[in-house]
Structure formats: C-alpha cells, structure tokens
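Residue numbers (the working numbering), protein chains in the order written: chain A, 1 to 323; chain B, 324 to 646.
Here it is, written out as structure tokens:
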C-alpha cells in the first residue's frame with residue numbers, strides 16, 4: 001500500500017517552501033522557490049508545480065497524495081483566493097485554487113498563516129485531541145487561529161479570527177496600526193509592538209541599557225529578549241507591559257470562546273518566561289471566577305522553523321477527517 | 324398526520340412559562356406556573372409536567388411532540404444542568420435534563436436565555452437562513468448568543484458567548500460588576516449600565532432633567548428612554564455613551580467572528596434610534612476597513628414578550644435540523 005501524504009506549501013514574500021508530509025508530520029521531501037523572482041502568478045505556479053512533481057517522482061511515486069494545503073498571507077479559505085497581500089508580488093485578488101486546477105484534480109485548500117498554524121497544532125502538535133482552542137502567532141503582527149468544536153472558525157467571509165485587530169481601549173489616543181486604525185492589540189503585542197513599548201519606556205526611564213545604542217529600525221525582538229535575560233530593566237519592563245496587554249485581551253477571548261487552551265506560537269513566544277509569566281498573571285487577574293486556573297496557556301509544540309509547511313499540510317488531514 | 328410541535332419552557336426567577344409551538348413559531352397553547360412557590364426542584368418539575376400533559380390533552384393529542392427546549396439562567400447545554408443560578412429557588416447544580424427522564428423519553432435541551440434567543444432568531448426571526456450571526460440581549464445584564472456556521476457556539480464547557488464580561492479597558496479604575504471583577508461591558512451596556520451612566524452624567528452636569536427627582540433604585544431604562552424622547556439632554560447623552568461602548572466592543576466581536584449580522588434584543592434595544600444610532604456610529608468608526616458598511620446591526624424580529632418561550636422551543640427544531 002502506498003503511504004498517504006499531504007503537500008504543504010507556505011507562500012511567503014521572499015520564499016515559497018513546500019514539503020511532502022505524512023499523517024504523523026514527518027517530512028519525506030522538501031524544497032523551495034524564490035517567490036519574489038516571479039512577477040506573474042501563472043509562471044510562479046508552473047515552476048512550483050514542476051518542482052513538486054519532480055519531488056514526488058524522486059519518492060518513486062510510492063506515496064498517495066491526499067491533497068494540497070497552502071498557507072499564504074491573506075489566504076481566504078472560503079473563496080480559495082489570496083486577496084490584496086501587500087507582501088507578495090501579485091496584487092489584487094488571486095484565484096489560487098482555480099489556478100491550480102490545470103495542474104491537479106486533488107483538493108487544494110488555502111488559508112492564512114495563523115489558521116494553518118492552528119490546524120497544524122491540532123493535527124501534529126500540542127492540541128491533538130482538543131476540540132476548542134486558540135493559537136496566537138506573535139510575529140511582526142499578531143495572528144490568531146481559532147478552533148471551535150474541532151473545526152477552524154472561518155466566519156461569513158473567511159476572515160474570522162483577527163484578534164490582533166481587537167482594540168485596547170475606547171478613545172483615539174492610541175498607537176497607529178498598519179490596518180489604518182488606532183489601538184489594535186497587535187500595536188502592543190507583537191515583535192513590532194514590543195519595540196514600540198521598549199522605546200517608550202526607554203524614553204521615560206533614566207536606567208542604563210545597552211540598547212540605548214540601537215536605533216528603532218535595527219532593534220529586534222531577539223535583542224530585547226537577550227537584554228532581558230542579562231537583567232536589563234527596561235527590556236524586562238517592556239515584556240511585562242506586553243504580557244499585561246496580551247493577558248488582558250485573552251481574558252476577553254476566553255469569555256467569548258470558552259477554549260480549553262491557548263497556545264502562543266513563534267516570534268515573541270520564544271522569549272519563554274519573559275512573555276508567559278506576565279501574560280498568565282494578567283490573564284488570571286482578568287478571568288471570570290469560574291475560569292480562574294482552568295484555561296491552559298501553552299507554548300506551541302510545533303517547531304517554528306517547520307510550522308508553516310506543517311500547518312499547510314495539516315489542512316489536508318483536517319479536511320479529510322471532517323468530511 | 325399529526326402536527327409536529329416543540330415544547331418551549333422559560334424558567335425565570337418569578338414565573339416559568341411554557342408553550343406548545345409549531346415549526347413556524349405559532350403558539351398552540353401556553354401557560355405558566357410560579358417558580359418561586361416551589362422550593363424543591365422535584366416538586367416544581369412534577370407540577371410543570373402535569374400542566375404540560377394537560378395542555379397536550381386539550382389539543383386532543385393531535386400533535387406530535389418533537390422535543391423539549393428549556394431556557395434558564397445559567398443553563399448549561401453540554402451538561403444539561405442549571406448551575407448556581409442566584410435568581411432561582413434551587414441552589415447548587417441542578418441536573419435538569421436527568422430529572423426530566425422520569426416524565427419523558429423525548430430529547431430535552433437546556434441552555435441559557437441568550438443562547439435560546441439566538442436560536443429563536445435563527446429558527447423564527449430575522450436570522451432565518453443566516454449561518455454566522457450574533458444576538459446581544461440588553462436586559463438587566465448583557466447576554467450574547469453566537470451562531471457559527473449554523474450552530475450555537477458552546478465552547479469547551481458550555482460557557483462560550485459571555486461578551487457581557489469582556490472588558491472595556493486595562494487597569495482597575497473601572498465599574499464594579501456583579502461577576503466580582505471591574506470594567507465588564509455589561510456594567511456600561513445594559514439597563515443597569517445605562518442607569519449608572521445616567522447618574523454619573525447627571526452628577527457632572529447642571530442641565531435640567533425631570534429625572535433629578537428620581538432615585539437610583541426607582542430609575543428604569545424606560546424612564547431614561549422617555550426622557551430622551553422628550554429632549555432630555557442628560558438622557559440622550561447617556562444613550563450616546565452607552566452606544567459608544569457597545570459599538571466599540573462590537574468591532575472586536577466582528578474582528579473575532581466575522582458575522583453577517585448582529586441583532587440587538589430586548590430591554591435597551593427597544594429604545595430604537597437612541598441606542599442604534601450611537602452604536603452604529605461607533606461600530607463603523609472602529610471596524611477594520613474591509614468590514615465598514617458591511618455588517619448589519621439589526622433589531623430582533625422576535626416579539627420580546629414571547630421570545631423566551633419561542634427561543635426555548637427553537638432549540639428543538641435547531642437540534643433536529645443539525646442531526
């Protein structure tokens with residue numbers, strides 16, 4: 001019998017990575033092509049499909065491909081499109097699933113990165129067996145993938161789960177967000193958010209910090225983490241404020257969704273106790289009594305280097321098991 | 324052929340109302356018993372079941388009962404229980420569905436009032452045919468029933484959908500909530516919330532108001548509405564502030580759930596434009612660009628006098644059509 005596999009594809013602004021993945025999450029083959037070199041989506045897809053076809057041939061076709069899962073910025077699972085993704089070379093609305101039809105009759109599923117991360121966590125990671133949980137991705141922005149009763153929350157137009165764009169407080173004296181509004185959670189809780197917080201605390205403080213020599217553009221989340229580990233008070237305070245904002249909002253998320261667990265994934269989540277401790281403290285403080293101590297806040301169990309492709313491939317297994 | 328009906332039961336602190344309802348929402352029979360007269364749940368259920376049995380006999384048993392739906396404060400749809408409902412005579416955890424077993428083999432479903440209202444809206448009201456929508460009930464507190472992909476959002480423990488207990492801002496300088504925390508949405512947006520807002524504005528203002536003669540305990544939402552209709556500036560401002568808080572939070576709800584529509588039900592929602600206009604304004608102001616102008620904010624189409632029993636009966640039809 002041939003081994004069942006799923007093809008996972010992560011379309012990023014710089015590179016597109018693909019993998020041939022079995023049901024247990026083992027990578028049988030992987031590769032990449034440079035997204036940014038392909039100004040035309042059709043040419044990109046022809047090159048990508050050729051690469052995948054060759055990879056399958058190298059496996060002597062001893063596998064049975066069950067479907068293709070794709071994670072992409074602004075990927076819409078209902079329409080099968082990528083819509084106005086500013087980081088990709090192709091503008092407007094790209095009918096991705098339709099364009100795949102000339103290469104394959106397999107099921108092709110596209111969604112955004114945070115949704116793929118959530119399904120990856122459910123199929124291969126720490127959320128195995130869970131029915132109601134949420135994955136928060138803490139990269140440049142804040143993404144969220146929400147699973148309700150074992151299924152990805154999609155919403156009416158495929159855009160549900162934008163917890164990064166819920167707001168911190170009423171009124172307009174808030175941070176500007178890339179989305180055009182002010183005060184979104186991701187302006188505080190994300191790698192770019194903690195940079196902003198760090199700069200504000202540094203400006204108010206007279207404490208020493210080696211990062212007083214680093215300008216805003218050069219500052220990274222990793223630098224703030226390393227400084228915090230060495231005892232930098234400003235860096236630790238920046239993590240504390242970031243966790244307070246996240247925990248405060250996660251209490252709302254629990255009141256709305258009643259999840260079993262919330263996973264933090266990627267970027268800031270790698271700062272371990274510096275982000276988990278203040279977040280847990282604020283979450284417990286703000287939770288309703290009957291939830292206190294009962295909602296798990298956990299690190300993702302998916303290797304963040306492989307997560308995008310694994311999450312994309314997991315869409316295939318999840319779809320198969322839900323139909 | 325016998326007409327298919329569902330029995331809807333609304334258990335309230337003072338009275339319990341029941342109705343025999345057909346698939347179109349017509350009431351074939353209705354009645355009530357005084358909840359507060361029954362200190363023991365077993366005696367209460369015996370009396371209730373006897374009344375319903377007699378009502379069915381009066382219909383000459385020309386109906387086929389498809390199930391029993393119950394709306395109750397703190398009703399838990401997963402466990403079939405009523406848990407620590409402070410307004411009911413029976414304390415602790417009441418295994419309601421199990422207790423019904425001695426009277427009937429029919430399916431018995433129990434949930435809280437806001438969830439029943441949402442299912443009622445879907446089965447008989449303005450949400451017919453909708454798959455993703457939210458009903459906000461604006462009574463003494465703020466309840467919410469959330470429908471995702473045609474199914475009630477329940478969560479891991481049956482407690483999802485507590486939008487009334489999401490919070491207005493970080494920090495502790497906020498209104499005390501009956502839930503023990505500070506700053507929950509329902510401390511601002513509910514009949515009791517607008518009373519608090521009205522009193523604060525009145526205290527800061529020197530404007531005339533006939534309601535300066537009314538004490539806090541005697542003040543009702545209806546009085547504030549009537550004053551607003553007569554041009555009372557304080558009353559109108561109180562509605563404006565209430566709508567601003569609601570619209571601000573509903574923008575978060577849209578970002579999280581991507582619903583087609585949000586319905587306002589009962590209590591404050593009956594104040595029509597005084598609550599809808601400021602809520603819509605704040606909602607549109609805070610929505611992400613791609614949602615602006617695209618999410619409907621609507622009054623419930625269910626008669627609020629009959630809504631509790633209709634919503635309870637709708638649980639039966641919804642369950643039947645989802646299995």
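Ideal Cβ placement from N, Cα and C applies to all residues, glycine included.
As the structure is a prediction and not an experimental result, all values here were calculated from the model.
For residue 584 of chain B, the enclosing beta strand (DSSP E) has its first and last residue at 584-588.
Shown here for residue 530 of chain B: same chain residues with a beta carbon closer than 6 Å to its own, the five before and five after excluded, namely 556 and 557 in chain order. Contact with chain B is found for residue 148 of chain A, since one of that chain's Cβ atoms lies less than 7 Å from the residue's Cβ. Look at the segment 435-454 of chain B: the residues with a C-beta under 8 Å from a C-beta of chain A are 454. In this structure, the CA atom of residue 92 of chain A is about 11 Å from the CA atom of residue 74 of chain A. Excluding its 5 nearest sequence neighbours in each direction, residue 412 of chain B has C-beta neighbours in its own chain below 7 Å: 358, 359, 361 and 362, listed in chain order.
Here DSSP, grouped into helix, strand and coil, assigns residue 474 of chain B to strand. Taking a beta-carbon distance threshold of 7 Å, residue 519 of chain B does not count as an interface residue toward chain A. Straight-line spacing of the CA atoms in residue 210 of chain A and residue 203 of chain A works out to 14 Å.
A distance below 7 Å between beta-carbons, with the five flanking residues on each side excluded, links residue 78 of chain A to the following residues of its chain, in chain order: 154, 157 and 158. Taking the beta carbon of residue 288 of chain A as reference, the chain B residues within 9 Å of it are 482, 485, 488, 502, 503, 504 and 507, listed in sequence order. Residue pairing by DSSP places residue 333 of chain B opposite B/340 and B/394 in a beta bridge.
The three-state reading of DSSP puts residue 365 of chain B in helix, counting H, G and I together. The C-alpha of residue 320 of chain A is placed about 35 Å away from the C-alpha of residue 346 of chain B. Between residue 3 of chain A and residue 51 of chain A a beta carbon distance of about 20 Å is seen, past the 8 Å cut, so the two are scored as non-contacting. Within the segment 528-552 of chain B, no residue has a Cβ lying closer than 8 Å to any Cβ of chain A. Annotation: residue 175 of chain A has no Cβ neighbours in chain B at a cutoff of 9 Å; minimum Cβ distance is about 13 Å. Of all residues in the segment 246-272 of chain A, only 248, 251, 252, 253, 255, 256, 257, 258, 259 and 260 place a beta-carbon less than 8 Å from a beta-carbon of chain B. Look at residue 119 of chain A here: in three-state DSSP terms it is helix. For residue 199 of chain A, the uninterrupted alpha helix (DSSP H) segment begins and ends at 191-204. Secondary structure note for residue 80 of chain A: it is in no alpha helix (DSSP H), with a DSSP letter that is neither H nor E. Beta bridge pairing from DSSP links residue 299 of chain A with A/264.
Ranked by Cα distance from residue 218 of chain A, the options A/192, A/236 and A/243 are led by A/192. The segment 548-568 of chain B makes no contact with the segment 612-625 of chain B: fewer than 3 CB pairs, one atom from each, lie closer than 8 Å. Around residue 476 of chain B, the beta-carbon contacts reaching into chain A at under 7 Å are 148. Nearest Cα to residue 301 of chain A within the set A/123, A/45 and A/104: A/123.
Nearest to residue 316 of chain A by alpha-carbon distance, out of A/67, A/140 and A/170, is A/67. Per DSSP, the unbroken beta strand (DSSP E) holding residue 432 of chain B starts and ends at 431-434. Think of a sphere of 8 Å around the beta carbon of residue 492 of chain B: the chain A residues whose beta carbon falls inside it are 168, 169 and 170, in chain order.
Among the residues facing chain A, residue 363 of chain B is not included, as its CB has no counterpart in that chain under 7 Å away. Judged by DSSP in its simplified three-state form, residue 237 of chain A adopts helix. Here residue 272 of chain A is exposed. Its C-beta has fewer than 16 other C-beta atoms within 10 Å. It is roughly 10 Å from the alpha-carbon of residue 342 of chain B to the alpha-carbon of residue 328 of chain B. By the criterion of a C-beta distance shorter than 6 Å, residue 459 of chain B is surrounded in its chain by 467 and 587, once the five residues flanking it on both sides are discounted. Distance from the CA of residue 559 of chain B to the CA of residue 428 of chain B, rounded to the nearest whole angstrom, comes to 52 Å. Between residue 479 of chain B and chain A, the shortest Cβ-Cβ separation is below 7 Å.
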